[in-house]
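What follows is a short report on a single structure.
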Amino acid sequence: MTEAILRIRNLRTYFFTRRGIVKAVDGIDFDLRKSECLCLVGESGCGKTVTALSILNLVDSPPGRVVSGEIYYDSLNLLKCPPDQIRRIRGKEIAMVFQDAQSALNPVFTIGDQIAEQVKLRPEVNQREAKEQVINLLKEVGMPIPEKMIGYYPHQLSGGMRQRAMIAMSLSGDPQILIADEPTTAVDVTVKGQILDIFSQLKSTRQMSLLFITHELGIVSEIGDRIMVMYGGKIVETATVSELLNNPKHPYTISLIKCLPDITQVMGRLESIPGTVPSLINPPSGCLFHPRCDKAMAVCSKEEPPPFIVAEGRTVFCHLYSRPER
Ligand SMILES: Nc1ncnc2c1ncn2[C@@H]1O[C@H](COP(=O)(O)OP(=O)(O)OP(=O)(O)O)[C@@H](O)[C@H]1O
Ligand SMILES: [Mg+2]
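Put into structure tokens, the structure is as follows:
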């Protein structure tokens, strides 16, 4: 097992709104290991983006605030870093590809200028070298005719091209960690495959760690090493991709997998998980999933499940695994 580059402990990020306290991330722990691709999956609103924003200290504040926890990047607790230090880490050491490429790019600057801006932040790089590096970055993400594309404005690019430009920009500081927040959600199916290929390639060519956020469990097998499943601001199960897809343990993960379209079955019906996602303001008692769980027991509505280690490196937060015979 490789060493962790990022260690998250008991992270809680809440939003203090007029309607009440939204517990968007509520006590999560995980390690991102060196050179691995860790996927974070879960339904819309479960806290994936807020987890990523918490790592980079970009939570909208107010109303949001990290109320507890530690986020260690090597031995540095990012939550205790002064703002100028975290600004230096952001982009250069830990970069992020945002969910919405359209709004993350500045409409009044060309793609080339926006990527060069990041490259030029390094004082040793001159104008000519910066241009060369921008072209190389665009080549790395499969941008066609990069020499021409550097002069384009974001609105002149297709969704897929904008996404590539975003990825190139995120790589410009040569980061150790890349957080990709749903990089394939806003693009159509063919482009989705191409974007996934870029990430697979980056995984093998660059020695970086990737935290890949998606609500599509179907795509993680193409890219991920391990998966964390998140539900209502908490992590409910962590496992390697193959273990999780072939032998899911948490009833929520089992339901998510049932919802995957089965391409081998022409008539395969897409199931949806009965019930609705839990309120993060007034969450259910005990296990957050118990109102939707077909295996719920009396204890599930009373006690929050602790982490049960079901096998080496496999943790499941579910009372079903509290008994050895299961
Ligand atoms: N600025 C904010 N103010 C109040 N609540 C917020 C704010 N930002 C996020 N939230 C709440 O935090 C919760 C988690 O949101 P988050 O964006 O992390 O979900 P997500 O898992 O990324 O969903 P999606 O798949 O739709 O992107 C949601 O209930 C959301 O409404
Ligand atoms: Mg999100």
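Throughout, my numbering is defined as the position within the sequence shown, counted from one, plus 697.
Note that beta-carbon positions come from the ideal geometry of N, C-alpha and C, so glycine has one too.
Excluding its 5 nearest sequence neighbours in each direction, Ser998 has C-beta neighbours in its own chain below 6 angstroms: Ser982, Gly983, His987, listed in chain order. Between Arg819 and Val838, the CB-CB gap reaches or exceeds 8 angstroms. Considering only Gly809, Val816, Thr882, the residue with the shortest C-alpha distance to Gly848 is Gly809. Residue state for Ala827 is assigned as helix, using DSSP reduced to three classes. The three-state reading of DSSP puts Asn979 in coil, since its state is none of H, G, I, E or B.
If you look at Val886, you'll find it isn't in any beta strand (DSSP E); it sits in the alpha helix (DSSP H) that goes 886-902. By the beta-carbon neighbour count (other beta carbons within 10 angstroms, threshold 16), Phe1014 is buried.
Tyr769 sits in a strand when the DSSP states are folded into three classes. In this structure, the beta-carbon distance from Val926 to Val933 falls below 8 angstroms. Ranked by Cα distance from Cys778, the options Ser751, Gly972, His852 are led by Ser751. Distance from the CA atom of Arg1011 to the CA atom of His947, rounded to whole angstroms, is 11 angstroms. It is roughly 5 angstroms from the alpha-carbon of Ser765 to the alpha-carbon of Arg709.
Closest in alpha carbon position to Ile970, among Ser741, Ala827, Met866, is Ser741. Here the alpha carbons of Glu1009 and Leu854 stand approximately 46 angstroms from one another. Listed by position along the chain, the residues with Cβ atoms less than 7 angstroms from a non-hydrogen atom of ligand 2 are Lys745, Thr746, Gln796, Asp878, Glu879, Ile910.
Contact check between the segment 895-913 and the segment 869-880: three or more CB pairs, one atom from each, fall below 8 angstroms, which counts as touching. Looking at the DSSP output, Glu934 shares a beta bridge with Val926, Val1013.
Pairing Gly929 with Gly744, the inter-Cα distance amounts to about 7 angstroms. According to the DSSP secondary-structure assignment, Leu708 is paired through a beta bridge with Ile725.
Here Ile1006 carries a strand assignment [DSSP, helix/strand/coil]. By the criterion of a C-beta distance shorter than 7 angstroms, Leu985 is surrounded in its chain by Tyr928, Gly929, Lys931, Pro975, once the five residues flanking it on both sides are discounted. Between the alpha carbons of Phe727 and Ile954 lies a gap of roughly 22 angstroms.
Judged by DSSP secondary structure, Asp781 falls outside any beta strand (DSSP E) and instead within the alpha helix (DSSP H) spanning 780-786. Sequence-distant Cβ neighbours of Glu700 in its own chain, meaning closer than 7 angstroms and more than five residues away, are Arg730, Lys731.
Sixteen is the threshold: since fewer than 16 other Cβ atoms of the shown chains lie within 10 Å of the Cβ of Thr902, the residue is exposed. Classified as exposed, Thr887 has fewer than 16 neighbouring CB atoms from the shown chains inside 10 Å of its CB.
Annotation for Asp878: no alpha helix (DSSP H) segment contains it, though the beta strand (DSSP E) segment containing it runs 874-878. As DSSP reads the structure, Asn774 sits in a beta bridge with Tyr769.
Looking at the DSSP output, Leu703 bridges to Leu729, Tyr770.
Ranked by Cα distance from Ala865, the options Met840, Ala993, Lys889 are led by Met840.
Between Gly739 and His852, the C-beta gap is not smaller than 8 angstroms, which leaves the two residues out of contact.
The three-state reading of DSSP puts Ser918 in helix, counting H, G and I together.
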